[in-house]
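Protein chains: 2
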Amino acid sequence: MLFSTKAEYGVRLMVALGRQPGSEPVSLSAVAEAERLPLSYLEHLVARLRRAGLVTSTRGAHGGYSLARPAEEITLDVVVEALEGQIAPMECFHETPEGKVLCSHESDGDHACATKLLWTRVQGGVTKALAGTTLAELVEFSAGGGREKAAPALGSAA
Amino acid sequence: MLFSTKAEYGVRLMVALGRQPGSEPVSLSAVAEAERLPLSYLEHLVARLRRAGLVTSTRGAHGGYSLARPAEEITLDVVVEALEGQIAPMECFHETPEGKVLCSHESDGDHACATKLLWTRVQGGVTKALAGTTLAELVEFSAGGGREKAAPALGSAA
DNA sequence: CGCATAACCGACTGCTTCAGTAGGATTTGA
DNA sequence: TCAAATCCTACTGAAGCAGTCGGTTATGCG
Chain D
3 MLFSTKAEYG
13 VRLMVALGRQ
23 PGSEPVSLSA
33 VAEAERLPLS
43 YLEHLVARLR
53 RAGLVTSTRG
63 AHGGYSLARP
73 AEEITLDVVV
83 EALEGQIAPM
93 ECFHETPEGK
103 VLCSHESDGD
113 HACATKLLWT
123 RVQGGVTKAL
133 AGTTLAELVE
143 FSAGGGREKA
153 APALGSAA
Chain L
3 MLFSTKAEYG
13 VRLMVALGRQ
23 PGSEPVSLSA
33 VAEAERLPLS
43 YLEHLVARLR
53 RAGLVTSTRG
63 AHGGYSLARP
73 AEEITLDVVV
83 EALEGQIAPM
93 ECFHETPEGK
103 VLCSHESDGD
113 HACATKLLWT
123 RVQGGVTKAL
133 AGTTLAELVE
143 FSAGGGREKA
153 APALGSAA
């Protein structure tokens, strides 16, 4: 498994917030009930999202969470990274801010790290998929698009 | 981390076998020494590769392992899958042989699984990267291509 | 034959992460 | 003041990771 349920639950949480039309916050317990996820576990996840600046919180009664930015401007790479930590295919694999790839055992033996080419490609594939998806897409997909197979009509088979 | 060292070590093992020019087998201890990896751990990994039909073994003295097929015909998706098990972005995510995607909690609540679109894209990105890479490429890369930027000329302390 | 070499196999271990629980403290609207 | 909510730390059982260990079987060679 590439990702744990932290990413799964966390993304679903974000989508739930993205569904909220106005700017009033949604309480975690409401999300937990709607998504059938354990509330106390969601607390941990939302804390990560908040620390990453993806959601804002309002405390006290009638409080809750809302997206810090419009869903169209939130790409899933930052969401998943906030939840799961740095995304790399391998322990020895680090990407610097400038985009250079470092490999811990670069000059291990007689030849260059044989796997670097592979992990670089995998990394690229994942990053492209995540960064190329916005939260707004997922909200729309879950609202109607994903239901197409179940609900008739709506000829928007993209 | 997307993958564990099982994939890392296992791929390096495969590359080491792919470097062998003739068809005579390479002993695990030789690979372990060359790659500086624990021999007894490699035994577990090579067992997976053998069960997957990727390498063949000859027992007894002067025995060892060799690739079951030429390196050009081995793509890395089957290698990594043999080592890590089924590759899926998420626990709830299963792909049938026909390519259909199943999601455990498909009809959980009021709407379709919000994350399905995302995981499908991620899955596609990873699969494409792995299936689009052959073992022969990695062998070649590690033999010379990967060294180009690191080694100025020949005088490098190898 | 006998021995070194090497593949094979299963059990075990320390460690870390995962998934979730528990209990409380703090803030805020009514 | 009370209830609803965020916030925070600590804890726990289970699982997987990375690796070790001991032993069994098969084989080439002197």
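If you read the sequences in order, they're chains D and L. If you're matching positions, the first sequence starts at 3 in the working numbering and goes up one per residue. If you're matching positions, the second sequence starts at 3 in the working numbering and goes up one per residue. Here a beta-carbon is modelled for each residue, glycine too, at the ideal position from N, C-alpha and C.
query	result
Partner residues on chain L for D/Arg-123, Cβ-Cβ distance less than 7 Å	Ala-131 and Thr-135
Below-8 Å beta-carbon distance, D/Thr-117 vs any chain L residue	yes
8 Å Cβ cutoff, D/Leu-140 in contact with chain L	yes
Other residues of its chain near L/Met-92: CB distance less than 7 Å, five sequence neighbours each side excluded	Trp-121
Backbone CA spacing between D/Arg-21 and D/Val-33 [nearest angstrom]	11 Å
Integer Cβ distance of D/Glu-37 from D/Ala-18, believed to fall under 8 Å	6 Å
C-beta neighbour in chain D for L/Glu-10, strict 8 Å	yes
CA nearest to the CA of D/Arg-50, picked from D/Phe-95, D/Val-81 and D/Leu-39	D/Val-81
Per-residue contacts from D/Ser-29 into chain L (C-beta, under 8 Å)	Under the 8 Å cutoff, chain L gives no residues; its nearest Cβ is about 17 Å from D/Ser-29.
Contacts that L/Val-13 makes with chain D (C-beta to C-beta distance below 8 Å)	Ala-116, Thr-117 and Leu-120
Per DSSP, the bridge partner or partners of L/Val-57	L/Leu-69
Chain D within 8 Å of L/Glu-83, Cβ atoms only	no
D/Leu-47 versus D/Cys-94, D/Arg-123, D/Gly-24 and D/Arg-14, residue with shortest Cα-Cα distance	D/Arg-14
D/Phe-5 (DSSP reduced to helix, strand or coil)	coil
D/Thr-1 and D/Ala-133 closer than 8 Å at C-beta	Here chain D comprises residues numbered 3 to 160, so residue 1 of chain D is not present and cannot be evaluated.
Buried or exposed by the 16-neighbour rule on C-beta atoms within 10 Å, applied to L/Arg-71	exposed
Which residues DSSP lists as bridging D/Val-81, in chain order	Per DSSP, none; premise fails for D/Val-81.
L/Val-33, enclosing alpha helix (DSSP H) - first and last residue	30-37
Among L/Gly-127, L/Thr-117 and L/Ile-89, the one whose alpha carbon lies nearest that of L/Ala-9	L/Ile-89
Residues of the region 65-80 of chain D whose Cβ lies closer than 7 Å to any Cβ of chain L, in chain order	Leu-78
Rounded straight-line distance, which links the Cα of D/Glu-97 to that of D/Ala-145	36 Å
Residues that D/Thr-136 bridges to, as DSSP identifies them	D/Thr-77
8 Å contact criterion, which L/Leu-4 and D/Leu-4 should meet: CB distance rounded	5 Å
Interface flag, D/Glu-93 vs chain L, CB-CB below 8 Å	yes
Distance between L/Glu-74 and D/Pro-161 (C-alpha atoms, nearest Å)	Beyond the ends of chain D as shown, which are 3 and 160, falls residue 161 of chain D; an answer cannot be given.
When L/Thr-117, L/Leu-137 and L/Leu-140 are compared against D/Ala-138, the one with the closest alpha-carbon	L/Thr-117
Cβ shell of D/Ser-29 (< 6 Å), same chain only, five flanking positions each side left out	Gly-66
Rounded straight-line distance, which links the Cα of D/Cys-115 to that of L/Leu-140	9 Å
Chain L within 8 Å of D/Val-17, Cβ atoms only	yes
Nearest neighbour of D/Ser-25, chosen from D/Asp-79, D/Thr-135, D/Thr-60 and D/Gly-12 [CA to CA]	D/Thr-60
For L/Ser-42, the three-state DSSP class (helix, strand or coil)	helix
Test item: CB-CB of D/Thr-58 and D/Ser-68 under 8 Å	yes
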